[in-house]
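Undergrad: Chains as they are written, first to last, in my numbering: chain L, -15 to 273; chain G, 138 to 426; chain P, 78 to 337. Don't be surprised by glycine CBs; every beta carbon is placed ideally from N, CA and C. Quick caveat: nothing in here was measured; it's all calculated off a predicted structure. The structure under discussion is supplied below as structure tokens; questions concerning it will follow.
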Amino acid sequence: MTERDEIILETSTTDVLAAFEGDLPASAPRRSWRSLFTQYLPALIAFAAVILLWEGLTRVLGVETFVLPKPSEVMSSFVETAPVIWGAGLRTLVEALGGLGIGVTLAVLTSLAAARWVGFREGVLPLAIAANATPIVALAPIFNNWFSSTSPVSKMAVVAVVVYFPVMINTTRGLLEVDGAELELMRSLAATPTEVTRRVRVPRALPFFFASLKVASALSLIAAIVAEYFGGPQDVLGQYIINRANLFQFPDAWAAILVASILGVALYLLVLGAERVLMPWHVSFRSGE
Amino acid sequence: MGTAASRRAARTGISILGVILAFAIMWEGYKFVWTALGWETPVSPEDRIMPHTWDILLTLFQPAQRSGPPLILVEARAALMTLREAFVGFVVGGAIGFGLGVLFVRSRTSERAFMPYVVASQTIPILAIAPMVVVWGGRLDIPQWLTISIIAAYLTFFPVVINTLRGLRSPPPTALELMRSYASAPREVLWKLQVPAAMPYIFTALKVSAAASVIGAIVGELPAGFRGGLGRDLLQFSQQFTAAPEKLFAAVLIAGLAGMLFVGLVTLAEHRWVATSRRQDSEIARAGA
Amino acid sequence: MTHLVVEARGLGKTFGSGEEMTEALRGIDLDIASGDFVSLIGPSGCGKSTLLRLIGDLVSPTVGSLAVNGKGPGRARLDRDYGIVFQSATLLDWRTVQKNVELPLEIMDFSPEERPARAKEMLDLVQLGGFADHYPWQLSGGMQQRVAIARALAFKPSLLLMDEPFGALDEMTRELMQQEVLRLWEETDTSVVFVTHSIPEAVFLSTRVVVMSPRPGRVNREIEVDLPRRRDDDTREAGRYFELITKVREALRRGEQDST
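Right, here's the structure in full:
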């Protein structure tokens, strides 16, 4: 495995997030909210135009709902079924957050150990990279049987495993990303290994950790929903979506998906907020590059 | 394959086996210790919940149903079907991604025009809606394998676009200036400098996409009515868990291996490319000496 | 009464083993008394940086003896007897300038009240008092190095080790920084070991220039710099200054020739 494989930062979701933050390759350094808005304004206008066109054409051409649902149908379903889909959304969110908490905690603990002990790292890191390439959601049916498919724990377990690997891999990389010169400096000051970890490795690792946390938060919601497809109570998003879809009631399914997207964005903004709070230097740090 | 490459492949194979062995030992160890102590959480060590590893392996060589072919063959066929669907989408998505990347590098205006849409496409969590898309496709009389391939292509093209862009732009400005001093045509600059520089990035994206495609294929096979494929088998064995838990574990094992196999093939292709490009470099070096 | 801050006898360092063995230093005998400003100069690969790192216990000797402040270099490091400035400032980018200077004080368990006071004192000394709340990326290269120097002196060590600290700076900034270092040397009463590959710099700054020969590095010549203690721009135009530069250059050239 080449070193770049360990740069799991290059997964699609991170790039989406990075793109929104203006970090696309060869683009300008991160901008203010206003300039981001102006950059995406034409796209937003186009999006609104597409929605209108979609609505118009499906009406005029009399397109059947099962071929392509009208935006208005999706919106009316969204409003009418609001209590149901938001209730389901909340239950799925709990699964995602629970799994996120477990997975991230375990990942951070493992990373600290991996940064400290080379032997442990050499054993665990390649394994983690390989495991990351497997369809981890295939574990969902096992957990459904172990922890009862109606219990949120079965989904939390899937989310925890899915989230664990990218966070662990990236946080370890961040902890190891110390400059040789910084290590020499710490040695000249006769710092203990704990102090080196505390004062140099951890701050250095925070950007990597948060980048992986953003990926993890997006994955957590998706993993929860996908795990639910393998079996779950009626009132979670995954089961709701697949049930509606099997009955060909697509507007209802899309309304539920809209809820999932909104929750995903909310989760991402939460992580972004935490990043701003815990890394106050990061904004200025990046624009200085 | 040269001896170095075959040695490396052997080492990878051995480490995979080693990991599986280590996991089996931990599994049996858990069962042994927990049974001795009479503990039941988090997972009961009883054979009907946690079958012995050897029982799981044995089940692979027993008929899947009544007097049919052994399970391992049935699952291998299912895996092949899943992989085929994933592979078609993977190739198409990769080609589109690469094409878009090249287009965006050549034409800044097209990048500015289309990139927001590329990014926006990823705000739809295709993995979460895969089953719905398959049902939708079925309603529109689109063959199931095609719908799944489209899902795989959707999952693949975004990382490939982003990484192609990043890679094509990676050579330092001085390298571009050098090519310009040779009065190279844009096409030569692209194929002699930018694409070779981009290959490592592209391969990283392809590995991520390969894993994602397999997951997408499995999830897309979940809706009722889908025949064959790993997703269906996972659901079926999940329902048969109380009668025969080993079958589910065996199927999950095969699914995991299928994912690793696909990523492994991409890695192999990467190594082949590295070997050929290095040979070219050394030939050039020898020619110039 | 002056004591020896650095005492090396027959010091040697070999890196690697087998076919990849490189002998960086051989048979180094060197005495540095307290209050000295000694420059180590020599061609690339002559081991001057290695010698500095031996003194700082960042690298262990293969053969010979080395005493720093009358103790083993390891002991001296653990006792925090020296501060070091590298060629790159190596400031921690997530800390403000003041927090960077406080880093050694935190590690050495200075009290939370003493730390900011000391840090501000050092920043004032290097004339960056107004930049305490800036971040490293907001400062120029020269300013970052001044912060690095302030950090190295924050805990008032008796010995200051500097490894080509001004190598990455432009000529004008270099000359200003040289003046700064001399001023600090006087005001803080520290001994300095200074690695450089610039002959004018070595002569301008030092009380003694140690000329080293190419790999394996040995002490070729030690040249006393008998310029007045107070040095400034006029010194750079003095006749004796140029004579000494020529002396050093010739010693370097002879060292090169002797090895070929």
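Between which two residues does the alpha helix (DSSP H) carrying P/Asn297 extend?
TA: Unbroken run through P/Asn297 is the beta strand (DSSP E), 296 to 301; no alpha helix (DSSP H).
Undergrad: Tell whether a beta-carbon distance below 8 Å holds between L/Phe193 and L/Asn154.
TA: Their beta carbons are under 8 Å apart, which means L/Phe193 touches L/Asn154 by this criterion.
Undergrad: Beta-carbon of L/Glu166 versus every beta-carbon of chain P: anything under 8 Å?
TA: Interface residue, yes.
Undergrad: Compute the Euclidean distance between the alpha carbons of G/Ile162 and G/Gly226, then round it to the nearest angstrom.
TA: Straight-line Cα distance between these residues: approximately 38 Å.
Undergrad: Within the 8 Å Cβ cut-off, does G/Val326 reach chain L?
TA: So, not an interface residue.
Undergrad: Is the separation between the beta-carbon of P/Ala153 and that of P/Glu84 shorter than 8 Å?
TA: No, the pair does not count as a contact, with Cβ atoms beyond the cut-off.
Undergrad: Within this structure, are the beta carbons of G/Ala216 and G/Ala289 separated by less than 8 Å?
TA: No; because the gap between Cβ atoms is not below 8 Å, this pair is not in contact.
Undergrad: Quick one: does G/Thr344 have its CB under 8 Å from some CB of chain L?
TA: Reading off the sequence, residue 344 of chain G comes out as Lys, not Thr. Judged by the 8 Å Cβ criterion, G/Lys344 is in contact with chain L.
Undergrad: Assuming contact is defined by CB atoms lying nearer than 8 Å, are L/Ala165 and L/Leu205 in contact in what I supplied?
TA: No.
Undergrad: Are L/Leu84 and L/Ser196 touching if we call contact CB-CB under 8 Å?
TA: Contact: no.
Undergrad: Quick check: is the beta carbon of L/Pro13 nearer than 8 Å to any beta carbon in chain P?
TA: Reliability of the predicted coordinates at L/Pro13 is poor, the pLDDT of 43 falling under 50, and the value obtained from them is presented with this limitation in mind. Chain P contact via Cβ: absent.
Undergrad: Taking the continuous beta strand (DSSP E) assigned at P/Lys90, which residues delimit it?
TA: First-last of the beta strand (DSSP E) with P/Lys90: 81 to 92.
Undergrad: At a CB distance below 7 Å, what residues from the segment 140 to 166 of chain P approach chain L? Give them in sequence order.
TA: So the list reads Arg154, Leu155, Arg157, Ile161, Phe163, Ser165, given in the order they occur along the chain.
Undergrad: Can you give the beta carbon distance from G/Pro268 to G/Gly357, rounded, assuming they're within the 8 Å contact cut?
TA: Contact holds; Cβ gap of about 6 Å.
Undergrad: Does chain L have any CB closer than 8 Å to the CB of P/Gly124?
TA: It does not: the Cβ of P/Gly124 has no partner Cβ on chain L nearer than 8 Å.
Undergrad: What whole-angstrom Cβ distance do P/Ile184 and L/Glu179 have, given they're in contact under 8 Å?
TA: Sure, about 6 Å apart at Cβ, within 8 Å.
Undergrad: Distance cutoff 8 Å, beta carbons only. Does L/Ile69 sit that close to anything in chain G?
TA: Cβ-Cβ to chain G under 8 Å: no for L/Ile69.
Undergrad: For P/Ser116 and P/Val286, which I take to be in contact (beta-carbon distance under 8 Å), what is that distance rounded to the nearest angstrom?
TA: Right, the Cβ-Cβ distance comes to about 5 Å (below 8 Å), so this counts as a contact.
Undergrad: Can you check DSSP and say which residues form a bridge with P/Leu110?
TA: Looking at the sequence itself, residue 110 of chain P is Ala, so the reference to Leu does not match. Answer is P/Leu81.
Undergrad: Would L/Leu254 count as contacting chain G if we go by Cβ distances under 8 Å?
TA: Not an interface residue.
Undergrad: Would you call the CB atoms of P/Val136 and P/Leu236 closer than 8 Å?
TA: For P/Val136 and P/Leu236, no; Cβs fall outside 8 Å.
Undergrad: Measuring only the C-alpha atoms, how far is L/Ala66 from G/Arg415?
TA: C-alpha separation (whole angstroms): 59 Å.
Undergrad: Helix, strand or coil for P/Arg286, going by three-state DSSP, please let me know.
TA: Going by the sequence as given, residue 286 of chain P is Val instead of Arg. If DSSP states are grouped into helix, strand and coil, P/Val286 belongs with the strands.
Undergrad: Taking the Cβ atom as the reference point for each residue, do L/Ala240 and L/Val58 lie within a distance shorter than 8 Å?
TA: Against a cut-off of 8 Å, the Cβ pair of L/Val58 and L/Ala240 comes out as no contact.
Undergrad: So which of P/Ile105, P/Asp113, P/Gly89 has the shortest CA-CA distance to P/Glu301?
TA: Looking at the Cα atoms, P/Asp113 is the closest of the given residues.
Undergrad: Apply the 10 Å Cβ neighbour rule to P/Phe92 and answer buried if 16 or more other Cβ atoms are within range, or exposed otherwise.
TA: Exposed is the call here.
Undergrad: In chain order, which beta strand (DSSP E) runs of at least 3 residues are fully inside the segment 143 to 229 of chain P?
TA: As far as the segment 143 to 229 of chain P is concerned, its whole beta strand (DSSP E) runs of at least 3 residues are 159 to 162.
Undergrad: What whole-angstrom Cβ distance do P/Met289 and P/Val296 have, given they're in contact under 8 Å?
TA: Their Cβ separation, rounded to whole angstroms, is 6 Å, which keeps P/Met289 and P/Val296 in contact under 8 Å.
Undergrad: From the DSSP secondary-structure annotation, give me the bridge partner or partners of P/Ser268.
TA: For P/Ser268, which the question treats as bridged, DSSP gives the partners P/Leu236.
Undergrad: Answer with buried or exposed for P/Gly89, where buried requires no fewer than 16 other C-beta atoms within 10 angstroms of its C-beta.
TA: P/Gly89 should be labelled buried.
Undergrad: Verify the CB distance criterion: does L/Ile206 have a CB-CB separation below 8 Å to chain G?
TA: At least one chain G Cβ lies under 8 Å of L/Ile206.
Undergrad: Where do the ends of the alpha helix (DSSP H) carrying L/Leu90 lie?
TA: First-last of the alpha helix (DSSP H) with L/Leu90: 66 to 100.
Undergrad: Determine whether the beta carbon atoms of L/Ala229 and G/Pro382 lie at a separation below 8 Å.
TA: Their beta carbons are not under 8 Å apart, which means L/Ala229 does not touch G/Pro382 by this criterion.
Undergrad: Assign G/Val400 to one of three DSSP states: helix, strand, or coil.
TA: Three-state result, G/Val400: helix.
Undergrad: Does L/Ile35 come within less than 8 Å of chain G when only Cβ atoms are used?
TA: It does not; no Cβ of chain G falls within 8 Å.
Undergrad: Under 9 Å Cβ-Cβ, which residues of chain L neighbour P/Ile109?
TA: The contacting residues do not exist; P/Ile109 stays about 18 Å from chain L at best.
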